[in-house]
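Residues in the sequence shown are numbered from 0 upward in steps of one, following numbering that gives the first Met the number 0.
Here a beta-carbon is modelled for each residue, glycine too, at the ideal position from N, C-alpha and C.
Presented below is the structure to which this report refers.
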Amino acid sequence: MRNNTVVPLIALERGSRGIVVDIKGGYGLVRRLSDLGITRGIIVEVSRVAPLHGPLEIVVRGVKLALGRGVAAKIYVTPLGE
Numbered sequence: 000m001r002n003n004t005v006v007p008l009i010a011l012e013r014g015s016r017g018i019v020v021d022i023k024g025g026y027g028l029v030r031r032l033s034d035l036g037i038t039r040g041i042i043v044e045v046s047r048v049a050p051l052h053g054p055l056e057i058v059v060r061g062v063k064l065a066l067g068r069g070v071a072a073k074i075y076v077t078p079l080g081e
């Protein structure tokens, strides 16, 4: 059975992975994330969640990136159950 749940990236826990299905932002944000390699269909992994509402560290295409929580809340993913 396929998992059709869609959640914001910020909802994933450390070590969780998901497939990007949507980015709720304007052209500038979508373009910036695309330049970083974050596009629809790509798998992202949350490698670290900073305390006190700090940034999320994610792995995209083998590269670690830090995203603020506001940006991470605009990226929607389908969690991968592993």
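Query, Result
"8 Å Cβ cutoff met for Val76 and Ile37", "no"
"8 Å Cβ shell around Pro7 - same chain, five flanking residues per side excluded", "Ala71, Ala72, Lys73, Ile74, Tyr75 and Val76"
"Local conformation of Arg13 per DSSP, three classes", "coil"
"Contiguous alpha helix (DSSP H) assignments of at least 4 residues, all confined to the region 20-69", "26-34"
"Straight-line gap, Met0 to Glu12 (C-alpha atoms, nearest Å)", "No answer about Met0 holds up, because its pLDDT of 36 lies below 50 and its placement is not dependable."
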